[in-house]
Amino acid sequence: MDEQVLRSLIKWPNVPHCFGWLALDRRGQWRMRDEFAQANQLAGSVIQHAALNEFISRNYACDSSGRYFFQNGPQRVFITLDATPFIARIIPTASGPQLSTQCGTEIKPQGALSDEKGNIYITGIIAQSLSDQIDSAVFTRTETLSVALLHDHDLDLFSDQSKVLEDACSFRGSWLWNGKYLPIEPIHSAELSERFYFVKVPSN
């Protein structure tokens, strides 16, 4: 969380929250959703400005109700999630591949999930900012178990390292990650938000 953001929260503590105007899509892109987009259930416009994308990512956090938001100065802008709070990318490095969220934070994987539509979700430890339940100007940086939809551009890389068997409407098996086999388990997409404690469409 940026220092200037924390200072603005102390200076203006009671700015009304904002809902519906910002979304995170399935490819890890932040989208602006104006009144027309909201009224017509449209995805909204992808934010192209690099500095704004970085600002949102640095000030992305979660409250005690599982609602994710962007702390825009003194205003809390709650985010509509197309899938999960994080989107995972496989990033090649000199020491081997790494998993990273749309915010650039590392995912320490513990396993993967496969849903009824063939989507792959990475489960693991992710560092994130949590809002204090009592004092909205206090944030705790902590590592917690969370879930991230794997970007569709990385599905082939994942498949190359996986061994799966069909299981009812999904798949079960294992995938090789940096020399270690991790489990792939089936899940229904409707179960994700309750299991990993997040709200896809926050409201007041």
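So the sequence shown is numbered by the numbering used here: it starts at 1 and just counts up by one.
Idealized CB from N, CA, C, for every residue including glycine.
Nearest-angstrom Cα separation, counted from residue j out to residue i
{"i": "Ala112", "j": "Pro85", "result": "16 Å"}
{"i": "Glu191", "j": "Asp115", "result": "10 Å"}
{"i": "Thr123", "j": "Ile107", "result": "8 Å"}
{"i": "Cys18", "j": "Glu166", "result": "43 Å"}
{"i": "Ala88", "j": "Val138", "result": "27 Å"}
{"i": "Glu185", "j": "Phe171", "result": "7 Å"}
{"i": "Leu157", "j": "Cys103", "result": "21 Å"}
{"i": "Trp175", "j": "Ser136", "result": "40 Å"}
{"i": "Ala43", "j": "Leu24", "result": "9 Å"}
{"i": "Arg121", "j": "Asn59", "result": "The sequence shown places Tyr at residue 121, rather than the Arg named in the question. Whole-angstrom Cα-Cα distance: 23 Å."}
{"i": "Pro183", "j": "Thr140", "result": "30 Å"}
{"i": "Val164", "j": "Ala127", "result": "29 Å"}
{"i": "Lys200", "j": "Gly28", "result": "14 Å"}
{"i": "Ala37", "j": "Asp63", "result": "25 Å"}
{"i": "Lys117", "j": "Arg7", "result": "44 Å"}
DSSP state of residue i mapped onto helix, strand, coil
{"i": "Ser95", "result": "coil"}
{"i": "Glu116", "result": "coil"}
{"i": "Gln110", "result": "strand"}
{"i": "Leu176", "result": "strand"}
{"i": "Leu155", "result": "helix"}
{"i": "Ser193", "result": "helix"}
{"i": "Gln102", "result": "coil"}
{"i": "Gln128", "result": "strand"}
{"i": "Phe198", "result": "coil"}
{"i": "Val5", "result": "helix"}
{"i": "Ser146", "result": "strand"}
{"i": "Arg58", "result": "helix"}
{"i": "Ile187", "result": "coil"}
{"i": "Ala83", "result": "coil"}
{"i": "Ala137", "result": "coil"}
Environment of residue i [buried if 16+ CB atoms lie within 10 Å]
{"i": "Phe198", "result": "buried"}
{"i": "Val5", "result": "buried"}
{"i": "Ile91", "result": "exposed"}
{"i": "Phe70", "result": "buried"}
{"i": "Asn40", "result": "exposed"}
{"i": "Phe78", "result": "buried"}
{"i": "Asn14", "result": "exposed"}
{"i": "Ala50", "result": "exposed"}
{"i": "Asn119", "result": "buried"}
{"i": "Gly96", "result": "exposed"}
{"i": "Leu52", "result": "exposed"}
Beta bridge counterpart(s) of residue i as assigned by DSSP
{"i": "Asn72", "result": "Gln75"}
{"i": "Glu35", "result": "In DSSP, Glu35 forms no bridge with anything."}
{"i": "Ser45", "result": "Met32"}
{"i": "Ile90", "result": "Leu99"}
{"i": "Ala23", "result": "Arg31 and Thr80"}
{"i": "Ser162", "result": "Trp175"}
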